[in-house]
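Q: Here it is: the structure, laid out below.
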Amino acid sequence: MKIKLLSCSLVLASAAVLSGCSVPKNVAYFQDTETSAILAAANPQPITIKPDDKINIIVKTKDPAISDLFNLPVYSTRIGQQTGQSINGTGARIRSYSASGSEGIAYYTVDTEGNIDFPVLGKIHVEGMTRPELAGYIKGELAGRDLAKDPTVVVEFPATGVNILGEVMQPGRYDLNRDRINVIEAISLAGDMTISGQRQNVKVIREEEGKVKTYVLDLTNMEKSLASPGYYLQQNDIVYVEPNEKRKRETTVNGNNALSTSFWVSVGSLLMSAVTTIGVFVK
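Numbering (the working numbering), first residue to last: 2 to 284.
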């Protein structure tokens, strides 16, 4: 009788431990699609300028002297070094770092009202504009006022990015290298999800008009994901990949996990206590 009770206890205890090690489900993306499936994506909204954004604007004309009138000054720096930042007469912040070692980058910081102070043109309301829209506006103003002939205007976002956290291979902040990027592309920048990432509960946290909104995406379902406003990202979005239930069970109250020695010592102690208790009742 004692042996049977002891065997049953050990089996139940082992089952309780091993149940946390079951193979995770729903690890594949977009399980609802077939090879030939064609789904309509939500209308992707390009990144638009917001207060506190950094904007780099370069004006080029045939006359370098004319170009210099509309470009912020930059510092030269040696390869591998980064200088501090300063504020010029227009209020624009300038930082210099070496991409090629010989040229720095000057940028404007959009104020809280959505404006920048552009040389000669003065204050420009840029909030809500895309990069092409702002470039086209400045080009039109320069040509329309006879300030520059056939100017070329390039607008870049030198410090625009998203934050990717949770169960991904390399959490961190990643720069957006184009105007439209979706959550799958962003996660790939972070090295993809870990096997413990919960594909059905990926959160995109976004601040809009002074309010924080959270969009929950099920990346095992392409149709639902494409329809979500959070599928295409905006600057400063936070992408959080929640751990699945298996991963949550692997972490104990004291921070140990199922792969640590201390965890198995704790399990062994629990089993010994159970055996001792059962022995007392069997006697």
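Built from N, CA and C at the ideal position, the CB exists for glycine as well. Note that the structure is a prediction, hence the values are computed from the model and not measured.
1. Between the alpha carbons of residue 210 and residue 52, how many angstroms are there, rounded?
2. Go to residue 167, then tell me how far its alpha helix (DSSP H) extends in each direction, as first and last residue.
3. Secondary structure at residue 194, three-state DSSP: helix, strand or coil?
4. Is any heavy atom in the ligand MG found nearer than 7 Å to the beta carbon of residue 159?
5. Does the distance from the CB of residue 59 to the CB of residue 149 come in under 8 Å?
6. Going by beta-carbon coordinates alone, are residue 140 and residue 159 separated by less than 8 Å?
7. Are the beta-carbon atoms of residue 285 and residue 206 separated by less than 8 Å?
8. From residue 116 to residue 127, what distance separates their C-alpha atoms?
9. To the nearest angstrom, how far is it from the Cα of residue 154 to the Cα of residue 221?
10. With 16 other CB atoms within 10 Å as the buried threshold, where does residue 175 fall?
11. Rank 113, 249, 120 by C-alpha distance to the C-alpha of residue 72 and give the top, closest one.
12. With DSSP run on the structure shown, which of helix, strand or coil describes residue 227?
13. Name the residue from 187, 202, 145 whose alpha carbon lies nearest to the alpha carbon of residue 162.
14. Does the Cβ of residue 179 have 16 or more other Cβ atoms within 10 Å, making it buried, or fewer, making it exposed?
15. Please say whether residue 204 and residue 251 have beta carbons closer to each other than 8 Å?
16. I need the boundaries of the alpha helix (DSSP H) containing residue 134, first residue and last residue.
17. Which whole-angstrom value is the C-beta distance of residue 241 and residue 166, which I expect to be below 8 Å?
18. Which residues in the same chain as residue 135 place their Cβ atom closer than 6 Å to its Cβ, once the five residues preceding and following it in sequence are excluded?
19. Is it the case that the Cβ atoms of residue 48 and residue 111 are separated by a distance below 8 Å?
20. Please determine, among 185, 237, 247, the residue with the shortest C-alpha to C-alpha distance to residue 50.
A: This is what the structure holds:
1. 11 Å
2. Note, residue 167: premise wrong, no alpha helix (DSSP H); beta strand (DSSP E) at 162-167.
3. Residue 194: strand per DSSP, three-state reduction.
4. By its list of ligands, the structure shown contains no ligand whatsoever, and the ligand MG lies outside what it can speak to.
5. no
6. no
7. In the structure as shown, the chain starts at 2 and stops at 284, and residue 285 therefore has no counterpart that could be examined.
8. 6 Å
9. 42 Å
10. By the 10 Å Cβ count, residue 175 comes out buried.
11. Nearest option by C-alpha distance: 120.
12. helix
13. 187
14. Label assigned to residue 179: exposed.
15. Taking 8 Å as the Cβ cut-off, residue 251 and residue 204 do not qualify as a contacting pair.
16. Boundaries of the alpha helix (DSSP H) around residue 134: 132-145.
17. Right, their Cβ atoms sit about 5 Å apart.
18. 127, 156
19. no
20. The residue with the shortest Cα to Cα distance from residue 50 is 237.
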